[in-house]
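Trainee:
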Amino acid sequence: MSGDNLVEFQNVSFAYGKRPILKGINMTVPRGKVVAIMGGSGCGKTTILRLIGGQIKASEGQVVVDGKAVHELDAAALYHLRRRMGMLFQFGALFTDMSVFDNVAFQMREHTDLPEGVIRDLVLMKLHAVGLRGARDLMPSELSGGMARRVALARAVALDPMLIMYDEPFTGLDPISLGVIGNQIRRLNDALGATSVVVTHDVHESLEKVDYVYFVSDGVIVAHGTPEEMRASDKPFVHQFVHGEEDGPVPFHYPAVAYGADLRLGATNA
Amino acid sequence: MPSRIVKAVRRVGARVVDGVWRLGVASRFLLLTLAYSGTSFRRFHLVIKEIFSSGVLSLIIILVSGLFVGMVLGLQGYNTLQRYGSAESLGVLVALSLVRELGPVVAALLFAGRAGSAITAEIGLMKATEQLSAMEMMAINPIARVVAPRFWAGVISMPLLAAMFSAIGVFGGYLVGVKLIGVDEGAFWSQMQAAVDFHQDIVNGVIKSFVFGAAVTAIALFEGYDASPTAEGVSRATTRTVVTSSLAILALDFVLTAFMFRGEG
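Structure below.
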């Protein structure tokens with residue numbers, strides 16, 4: 424593999440029990456770039472992040488992160504790799520029994536022997552970067568959805584990771600918070616010299632901010648390219664997704680028997 | 005017809021296999037908890053924090069219940085004993101009932117309802133809100149950081165709570181027996197002192213409460229960790245914690261009692 428790619432999926436399949444989620448995914452995430460993985464709800468996007476983090480193992484193929492095949496690592500090596508990853512969970516996943524400050528300080532205290540004074544400065548710098556230095560003493564229950572997401576972002580980058588993963592970072596945010604998070608993703612990536620993978624179904628925000636897009640549908644990659652290429656794409660799925668059309672390759676109706684038969688119209692006529 | 009029988013057998017079989025499977029998962033969970041307990045002792049403040057939330061916060065319910073149980077023992081015991089003219093033995097009856105049985109058992113049942121359910125709900129919600137997942141992604145083992153400290157906190161708190169339950173229960177018996185009914189105070193205390201044996205009664209009671217504490221906390225932690233990550237899943241897990249640990253306490257009590265007090269007459 425080339426050293427320019429931080430993450431590589433080589434023909435990766437994954438199934439929960441007998442239910443296939445991913446079927447032969449090939450994908451690369453170049454160093455320093457922000458890559459979006461898009462698709463409808465429940466199409467296996469989050470599974471991709473869990474594969475990168477080694478929380479689940481591919482049933483076929485391999486996931487390579489920073490030159491190492493994730494599924495071959497033992498627990499210690501996997502934990503070592505994870506220390507260099509940051510992940511923003513869908514709803515933040517802040518520790519509810521700790522203040523904002525302690526949430527951001529958590530990994531520093533667990534993984535380093537830094538004196539408390541240094542940790543304090545580092546935490547305040549991270550919080551300042553997301554604009555929440557003043558909120559350090561609040562508890563997660565006192566934060567709005569957008570603020571919680573920003574604290575989680577500060578926590579995800581607490582140890583200056585090489586890879587930042589975002590699981591639906593835009594879900595459930597008002598337009599202002601949404602724009603703030605979108606800008607933060609780009610800015611943090613470039614400032615830290617990191618690489619980012621954003622799993623999302625928000626087309627407009629992500630097409631503006633990312634370098635490359637993969638479209639996933641039904642467990643396979645149906646299209647990929649730069650945002651400009653995707654906007655101009657005439658592939659039916661991409662067109663439907665980018666323009667938010669109701670019907671298309673992704674049908675509006677859940678599979679069912681014919682409408683007339685279901686309402687027993689045939690029976691009355693006969 | 006035969007197909008219905010086959011189905012029924014199959015269902016029973018599936019239940020049994022399921023149960024055995026779950027028991028295996030639970031045992032593995034307990035072993036992992038023990039294996040990853042190093043952190044709890046290296047950073048004992050993590051355990052102390054949990055002793056506060058499951059032990060100290062259970063104090064009120066334990067003390068109030070203990071007082072009332074002791075008072076009821078005083079009333080009932082006096083009623084029976086005075087018929088045989090041995091009302092002075094009231095102290096013995098109250099103390100032995102509490103130290104041997106009621107203290108460890110009732111305190112453990114209350115602990116399961118108060119602290120066990122709270123532990124399950126907390127861990128279940130941490131799972132549902134992806135906090136445990138987040139911890140894993142930060143390369144921090146949730147069993148070492150979240151589960152083990154709670155386990156040891158329960159194991160440490162339970163004997164202390166049971167001891168306090170017994171102590172205040174004896175005081176409740178004293179209030180009713182001596183102060184209210186008028187049993188001779190000297191006889192009440194001196195007979196108690198003579199009849200309660202440190203090894204036979206108190207140490208065995210403490211052993212019981214250690215075992216109950218470990219059982220309740222382990223069940224509560226496992227149910228929380230194993231809960232399906234939804235509101236319904238967490239509520240069902242909480243119920244299961246209270247039911248399973250109550251049954252476990254009573255069953256273990258029988259087994260332990262059979263071993264401890266056999267041959268005593």
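Top line first, the protein sequences correspond to chains Y and W. Under my numbering, the residues of the first sequence are numbered 424 to 693, in order. Under my numbering, the residues of the second sequence are numbered 5 to 269, in order. Just so you know, even glycine gets a beta-carbon here, dropped at the ideal spot from N, CA and C.
#1: Using a Cβ-Cβ cutoff of less than 6 Å, which residues in the same chain neighbour Y/Val665 once the five nearest sequence positions on both sides are dropped?
#2: By the 10 Å Cβ neighbour count, where 16 or more other Cβ atoms means buried, how is Y/Val400 classified, buried or exposed?
#3: Count the other CB atoms, across all protein chains shown, that sit within 10 Å of the CB of W/Gly89; report buried if there are 16 or more and exposed otherwise.
#4: Check distances from the C-beta atoms of the segment 514-546 of chain Y to those of chain W and list, in chain order, the residues that come in under 9 Å.
#5: What are the boundary residues of the beta strand (DSSP E) that includes W/Ile185?
#6: Give the residues of chain W in contact with Y/Tyr502, contact being defined as C-beta atoms less than 7 Å apart.
#7: For the putative contact between W/Gly107 and W/Ala166, defined by C-beta atoms under 8 Å, what is the C-beta separation to the nearest angstrom?
#8: In chain C, what lies closer than 8 Å to W/Gln135 by C-beta?
#9: For W/Glu140, which residues in chain Y fall below 7 Å Cβ to Cβ?
#10: Measuring alpha carbon to alpha carbon, tell me which residue in Y/Phe524, Y/Glu483, Y/Phe432, Y/Ala459 is nearest Y/Pro443.
#11: Would Y/Met508 count as contacting chain W if we go by Cβ distances under 8 Å?
#12: Comparing the C-beta of Y/Arg505 with each C-beta of chain W, is any distance below 8 Å?
#13: According to DSSP, is Y/Arg442 part of a helix, a strand, or is it coil?
#14: What distance in whole Å lies between the Cβ atoms of W/Val150 and W/Met130, which are believed to be in contact at a cut-off of 8 Å?
#15: Give a yes or no on whether the minimum CB-CB distance between Y/Phe675 and chain W is below 8 Å.
#16: Taking the Cβ atom as the reference point for each residue, do W/Ser62 and W/Val110 lie within a distance shorter than 8 Å?
#17: Which bits of chain W does Y/Phe512 rub up against, with CB to CB less than 9 Å?
#18: In the DSSP assignment, the alpha helix (DSSP H) including W/Asp257 goes from what residue to what residue?
#19: Got a sec? Which residues, its chain only, sit under 7 Å from W/Phe216 by beta carbon, not counting five neighbours each side?
#20: Going by Cα to Cα distance, which pick from Y/Leu511, Y/Ile448, Y/Val580 is closest to Y/Ala646?
#21: Within the same chain, show all residues whose beta-carbon is closer than 8 Å to that of W/Leu225, passing over the 5 residues directly before and after it, in chain order.
#22: How about W/Phe71 and W/Gly158: do their beta carbons lie closer than 8 Å?
#23: Whole angstroms are fine: how far does the CA of W/Lys11 sit from the CA of Y/Ala693?
#24: For the candidate residues Y/Asp560, Y/Ile599, Y/His676, Y/Gly605, whose alpha-carbon lies nearest to that of Y/Leu576?
#25: Nearest to Y/Ile542 by alpha carbon, out of Y/Asp520, Y/Leu504, Y/Leu582?
#26: For the alpha helix (DSSP H) holding Y/Phe675, just list the boundary residues, first then last.
#27: Going by C-alpha distance, which of Y/Ile475, Y/Gly490, Y/Gln513 is nearest Y/Gly595?
#28: Quick check on Y/Gly465: does DSSP put it in helix, strand or coil?
#29: Using 8 Å as the threshold, is the C-beta distance between Y/Met510 and Y/Val636 below it?
#30: Could you check which residue in W/Ile211, W/Lys53, W/Arg240 has the C-alpha nearest to that of W/Leu260?
#31: My output table needs one value for Y/Pro453: the three-state DSSP class, helix, strand or coil.
#32: Going straight from the alpha carbon of Y/Thr649 to that of W/Glu54, what length do you get?
#33: Which full runs of the beta strand (DSSP E) of 3+ residues lie inside the segment 38-77 of chain W, going along the chain?
#34: Once you ignore the five residues that flank W/Gly269 on each side, which residues in its own chain have a CB closer than 7 Å to its CB?
Mentor: Inspection of the coordinates gives the following:
#1: Val626
#2: The requested residue 400 of chain Y is not part of the displayed model; chain Y covers only 424 to 693.
#3: exposed
#4: Phe514, Gly515, Ala516, Leu517, Phe518, Thr519, Asp520, Phe529, Gln530, Glu533, His534
#5: Neither: W/Ile185 is in no beta strand (DSSP E) and is coded neither H nor E.
#6: Ala143
#7: 5 Å
#8: Any reference to chain C falls outside this structure, whose protein chains are Y and W.
#9: Gln478
#10: Y/Glu483
#11: yes
#12: yes
#13: strand
#14: 7 Å
#15: no
#16: no
#17: Thr133, Glu134, Gln135, Ser137, Ala138, Met141
#18: 235-264
#19: Pro108, Ala112, Met162, Ile253, Leu256
#20: Y/Ile448
#21: Phe33, Thr37, Ile123, Thr124, Ile127, Val151, Arg154, Phe155
#22: Per the sequence presented here, residue 71 of chain W reads as Leu, with Phe not at that position. Not in contact: W/Leu71 and W/Gly158 (Cβ atoms no closer than 8 Å).
#23: A caution first: Y/Ala693 carries a pLDDT of 45, below 50, which makes its placement in the model unreliable, though a value can still be read off. Each residue's alpha carbon lies about 40 Å from the other.
#24: Y/Gly605
#25: Y/Leu582
#26: Y/Phe675 -> no alpha helix (DSSP H), and no H or E assigned at all.
#27: Y/Gln513
#28: coil
#29: no
#30: W/Ile211
#31: strand
#32: 51 Å
#33: none
#34: With a pLDDT of 45 at W/Gly269, under the threshold of 50, the predicted position of this residue should be treated as unreliable, and no value is reported.
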